[in-house]
Amino acid sequence: MTQTPIKTRFAPSPTGKLHVGNVRTAVITWLAARKFGGSYLLRLDDTDVERSKEEYAVSIQRDLKWLGLEWDEFARQQDRRERYDELIQKLKEDGRLYACYETPEELSLKRKSLLSRGLPPIYDRAALELTEAQKAQYEKEGRKPHWRFLLKAELIEWQDLVRGDVKFHGKDLADPVLIREDGSPLYHLCSVIDDMDFGVTHIIRGEDHVTNTATHLQMFEALGGTLPTCAHLALISDAEGGKLSKRLGSLGIETLREEEKLDPMAILSYLALLGTSLPIEAVKDRQNLIDSFDFSHFSRSSAKFDAEELYRLNTKLLHETSFSEISGKLADMGLGNIDETFWLAVRPNLVKLEDLREWWRVANGPVTPEIDDAEFASTAAELLPPAPWDGETWNVWIAAVKERTGRKGKELFMPIRKALTGMEHGPELPVLLPLIGRDETAARLKKRA
Ligand code: GLU
């Protein structure tokens with residue numbers, strides 16, 4: 060890999076929110092920029108004015124910031140219309156754009172007819188045969204043209220950083236539509252112009268764009284741009300191996316942040332390492348992910364996304380989180396009263412941060428003790444060891460209760476659990492006990508909590 064500064068970009072369309080599927084490209088484009096001393100462009104592909112929404116533009120930026128994927132430059136395609144028009148003019152003058160008048164229905168018929176004959180559904184370029192008089196007639200009928208890019212019948216070849224040598228031939232590809240009937244430029248054209256104007260050196264995106272890239276490379280040439288280096292990532296699939304499922308797509312970053320309270324580093328670690336030859340592990344420091352990044356690690360076959368694994372990484376990170384790192388978040392969760400002692404005692408027992416809420420409630424109340432055998436509870440209360448309490452107190456106490464009452468197993472533990480927590484299941488009692496404290500434990504055993 061060259062050491063000259065590179066530039067990558069993440070180019071989401073603000074037609075929806077970010078989720079684990081589409082944010083992976085953001086993670087990898089960002090890592091590449093940071094690894095190779097490059098710069099990172101966030102570009103909103105908002106040429107589809109009807110589907111693009113400001114709320115999504117805002118939400119995408121909020122999610123990226125939360126993940127720590129800060130960008131050096133920002134652009135929106137809607138601001139660049141004049142520039143696109145300028146280059147559209149050039150392409151028309153150079154004979155690389157041609158007007159087509161087929162309606163969507165006519166195009167669909169052509170496609171069906173080709174497919175029924177076992178042929179690839181490639182546009183037949185009938186529009187190139189239209190005379191000026193025929194075009195004028197269409198215009199008179201009120202038809203507006205859409206414009207296609209005239210591909211050259213040449214070999215298109217590039218060294219893909221993930222897929223290796225990739226070859227297409229211009230004659231096997233359909234001329235892409237670059238301008239709609241209403242005159243607005245489409246993604247293909249805007250993307251190439253932007254990548255060229257912003258000096259993007261590395262285009263990294265999903266392999267669903269491979270065929271697009273073949274046509275884009277001819278557009279770069281037609282516009283006099285420098286050909287970028289390309290990397291097409293194998294797609295991620297769900298556990299069943301199907302294409303990225305709705306379920307996976309619905310794992311929104313906003314939900315993972317606001318509801319699941321995930322650590323952004325769990326998401327970053329998982330998406331940076333998934334589909335690579337590196338082991339998937341919880342990485343606490345993003346610099347480590349940057350240091351280990353390399354295109355050669357990416358597999359050409361699709362990787363399976365497993366939400367369980369993401370949660371496991373999150374749990375792992377949670378268990379390594381110090382009190383000073385978490386205290387701000389605790390305050391945001393309304394758990395600002397939790398101190399370091401409480402955090403350190405409970406931390407190894409948490410699967411997710413939200414579990415802390417239950418620990419705090421059970422430790423501090425309100426709890427409605429459940430007592431079936433008042434005599435047993437009262438005996439247990441009498442045997443409570445003197446304060447101060449620590450992690451050993453439970454063992455000392457339970458041994459004494461066992462000896463005095465002769466109870467063991469469930470008979471011994473369940474009444475105590477129900478008295479102390481009001482529930483049959485819940486936090487580990489040995490950890491919980493010192494957090495409840497001697498007076499409160501005694502009170503609960505006497506049902507005076
Ligand atoms: N807006 C396009 C998409 O979301 C960008 C693809 C690209 O990276 O060029 O698919």
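The sequence shown begins at 60 in my numbering and counts up one residue at a time. We put the beta carbon where it would ideally sit given N, CA and C, even for glycine.
Distance cut-off 7 Å: residue i Cβ against heavy atoms of the ligand GLU
i: H261; result: no
i: P71; result: yes
i: D253; result: no
i: D107; result: no
i: D104; result: yes
i: Y115; result: no
i: R264; result: yes
i: Y143; result: no
i: S250; result: yes
i: H205; result: no
i: Y246; result: yes
i: H268; result: yes
Check whether residue i and residue j have beta carbons under 8 Å apart
i: A116; j: P73; result: yes
i: L209; j: A273; result: no
i: F354; j: A290; result: yes
i: A331; j: V79; result: no
i: T84; j: F69; result: yes
i: S328; j: L372; result: yes
i: L173; j: P180; result: yes
i: V405; j: V269; result: no
i: V342; j: L333; result: no
i: V410; j: T480; result: no
i: A523; j: L150; result: Outside the displayed span of the chain (60 to 508) sits residue 523, for which this structure offers no information.
i: Y160; j: Y197; result: yes
i: L377; j: L412; result: yes
i: T500; j: I263; result: no
i: R207; j: V236; result: yes
i: I397; j: L126; result: no
i: L504; j: A459; result: no
i: E462; j: M473; result: no
i: M324; j: G284; result: no
i: P493; j: G424; result: no
Own chain partners of residue i with C-beta closer than 6 Å, once the 5 adjacent residues on each side are dropped
i: Q137; result: D105
i: V225; result: W217 and D219
i: K506; result: P428 and I430
i: Y182; result: A233 and D234
i: P486; result: W418 and V421
i: L248; result: L237
i: D131; result: S98 and Y99
7 Å CB neighbourhood of residue i in its chain, flanking five on each side removed
i: W402; result: F382 and I385
i: R497; result: L443, A446 and W448
i: G229; result: L210, K211, A212, E213, I215 and Q277
i: I495; result: A422 and L479
i: T362; result: According to the sequence displayed, residue 362 carries Ala and not Thr. So the list reads A293, I295, L333 and G334, once near-sequence residues are dropped.
i: L337; result: S351 and H356
i: T61; result: Confidence at T61 is low in this model, with a pLDDT of 48, below 50, so the placement of that residue should be treated as unreliable; the coordinate-derived value is given next. Answer for T61: no residue qualifies.
i: E379; result: K343
i: L146; result: I252 and L282
i: G258; result: K66
i: L245; result: T106, V236, L237, I238 and R239
i: W419; result: L394 and I397
i: W456; result: L442, L443 and P444
i: L187; result: Y157
i: H205; result: C159, V236, I238, R239 and E240
Cutoff 8 Å: residue i Cβ touching any chain B Cβ
i: I385; result: In the displayed structure, chain B is absent; only one protein chain is listed.
Closer than 7 Å: residue i CB and nearest the ligand ATP heavy atom
i: K320; result: With respect to small molecules bound, the structure shown includes the ligand GLU and not the ligand ATP.
Close Cβ partners of residue i (< 8 Å) along its chain, the five nearest in sequence each way excluded
i: K76; result: Y115, S118, I119, D122, G311, I312 and E313
i: G97; result: P64, I65, K66, T67, A91, T260 and H261
i: I339; result: S328, Y329, L332, L333, E368 and L372
- prompt: Which ranges does the beta strand (DSSP E) cover as unbroken runs of at least 3 residues, wholly within the stretch 249-287, from first to last along the chain?
  reply: The stretch 249-287 contains these whole beta strand (DSSP E) runs: 261-265.
message: My parser needs the beta strand (DSSP E) runs of 3 or more residues fully inside the stretch 413-488; what are they?
response: Here no run is fully enclosed.
- request: Would you list, in sequence order, the uninterrupted alpha helix (DSSP H) runs of no fewer than 4 residues that lie entirely inside the stretch 319-353?
  value: Runs found: 323-332 and 345-351.
message: Report the start-end ranges of each alpha helix (DSSP H) in the stretch 84-141 that is 4 residues or longer and not cut off at the edges.
response: Every alpha helix (DSSP H) of 4 residues or more that sits fully in the stretch 84-141 is shown, in chain order, as 113-125.
- prompt: What are the uninterrupted segments assigned as alpha helix (DSSP H) that are 4 or more residues long and contained completely in the stretch 371-417, given in chain order?
  reply: Unbroken alpha helix (DSSP H) runs of no fewer than 4 residues, entirely contained in the stretch 371-417, are found at 382-391 and 399-405, following chain order.
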